[in-house]
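Trainee:
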Amino acid sequence: MRILRPSTKGPSNCILPGHFIFAVGIGPLPGGLLAHHYGLLAPFWFCGFASLVAGLLALFAVPETRHLAQSKVITGTKLPPFAVQLKMLWKNIGFVLVSGVALSHALTRTGGLFNIIPIIGSFRIKLPYDEIGIALAIGSLLGLCAVYPAGMAVDRWGRKAVIVPFTLITGASFLLFAFADTFLFFAAANALWGIASGIGGSAPAAYAADSAPPGMNASAMSLFRMLGDIGYVIGPILMGFIVDIHGANTALLLATFILFSIGIAFARFAPESYKPGM
365 MRILRPSTKG PSNCILPGHF IFAVGIGPLP GGLLAHHYGL LAPFWFCGFA SLVAGLLALF
425 AVPETRHLAQ SKVITGTKLP PFAVQLKMLW KNIGFVLVSG VALSHALTRT GGLFNIIPII
485 GSFRIKLPYD EIGIALAIGS LLGLCAVYPA GMAVDRWGRK AVIVPFTLIT GASFLLFAFA
545 DTFLFFAAAN ALWGIASGIG GSAPAAYAAD SAPPGMNASA MSLFRMLGDI GYVIGPILMG
605 FIVDIHGANT ALLLATFILF SIGIAFARFA PESYKPGM
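If you want it as C-alpha cells, here you go:
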C-alpha cells in the first residue's frame, strides 16, 4: 500500500486477489497429483517448502517500505500509540464498514463456497465429481478474468461504486446456490460468484488503505486483514453448525442475508474514499 499512488491502488491491488483466485482454482490439481503419486503427506511437505521459499524471498528480496510511510507524516509530529491508532480507526465509519465487508466475504467464502457448495453438488444435485470440479473451475477462471478490469474500474469510478455491487452480487450467487437443482443452475451460480469475487477483490483493500491517516497504513491494514482472517476461521464453524441443525439451504440463505445487509449498510453510510482525479 505504501508504494502505490491513490490513482493506481485499484489495478495494483488486483494482483493479490488475482493470484489468490487462481491458486484456489488450480490448487486442487497439483495437490491431488502429489497425493496420488507420493501419499497424503506430500502436499503438506510441498506447501511447507513453498512457504519457506516465499518467506525467504520476502526477507531478502523485497525492499523495506517503512521510510515511505514516515515521509508522509508531517515533520515534527509523532504517531500515537498503537492502541490509540486502533481507536481512531474504529471511529471511522467507512473503515469499520469496509472491514465488515471483508469479514462477511471471508466468512461466507470459507463457510459457504468451500464447505457447503461441494456437498450440495455431490449429495443434493448428485453431480459426478468431474462436473463439480468443472463448475468450480468456471467460477475461478471467470473471477481471474474479471480481476484486472475491475481494478481499473475502482480507480475510474471510485471504490464504493465497485464494493456495493460486488457484495450484493455475491449474496445473489448464494441465493442461486440455495435453489440450484441442475448442473447448469449450479454452474451459473459458480459463475456469478466468480465474477463477483473478481470484480470486488481489490476494492475493499483499496478503500481501507484510503481510510488510513498518514503514517497509519500498517495499523489500518493489519486490522483490516485481521478481521478478514477472523471470517476465514469462524466461517466453517458457524456455517457447519447451521447445516447440522437447520440444513444447507438455511446456511446459504444466512450467507445471502449477511452479504445483502453489509452491502446495503455500506451503500447507505460509508463515504466514498477516493474520487477520480485525486
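Quick note on numbering: the sequence shown equals residues 365 to 642 in this note's numbering. Where a beta carbon is used, it is the ideal one built from N, C-alpha and C, also for glycine.
1. Evaluate contact between the region 530 to 547 and the region 579 to 596, counting only Cβ atoms and requiring at least three cross-stretch pairs below 8 angstroms.
2. Quick one: which unbroken alpha helix (DSSP H) runs of 4-plus residues sit fully inside the region 477 to 539? Chain order, please.
3. Going by DSSP in three states, M580 sits in which element: helix, strand or coil?
4. Report all residues from its chain with a CB closer than 7 angstroms to the CB of G627; omit the five preceding and five following residues, and keep chain order.
5. With DSSP collapsed to three states, give me the class of S415.
6. Quick one: Cα of I622 to Cα of S468, how far?
7. Are G507 and S566 touching if we call contact CB-CB under 7 angstroms?
8. Beta carbon of S637, beta carbon of R523: below 7 angstroms?
9. Fully enclosed by the region 581 to 634, which beta strand (DSSP E) runs are 3 residues long or longer?
10. Give me the residue from P568, H401, G476 with the minimum Cα distance to I601.
Mentor: With the given structure in hand:
1. Contact between the region 530 to 547 and the region 579 to 596 is absent, because fewer than three Cβ pairs lie under 8 angstroms.
2. Here the runs fully enclosed are 480 to 483, 493 to 521.
3. Walking along the sequence shown from the start, residue 580 turns up at place 216. Coil.
4. As a working note, residue 627 is residue 263 in the sequence shown. Hits under 7 angstroms: V528, T531, L532, G535.
5. By 1-based counting over the sequence shown, the position of residue 415 is 51. Residue state, collapsed to three classes: helix.
6. If you number the sequence shown from 1, residue 622 lands on position 258. If you number the sequence shown from 1, residue 468 lands on position 104. One C-alpha to the other measures close to 7 angstroms.
7. Locating residue 507 in the sequence shown gives position 143, where the first residue counts as 1. Locating residue 566 in the sequence shown gives position 202, where the first residue counts as 1. No, these two residues do not count as a Cβ contact at 7 angstroms.
8. Counting from 1 along the sequence shown, the entry for residue 637 is found at position 273. Counting from 1 along the sequence shown, the entry for residue 523 is found at position 159. Less than 7 angstroms separates the beta-carbon of S637 from that of R523.
9. Complete beta strand (DSSP E) runs here, min 3: none at all.
10. By one-based count along the sequence shown, residue 601 stands at place 237. The option with the nearest alpha carbon to I601 is G476.
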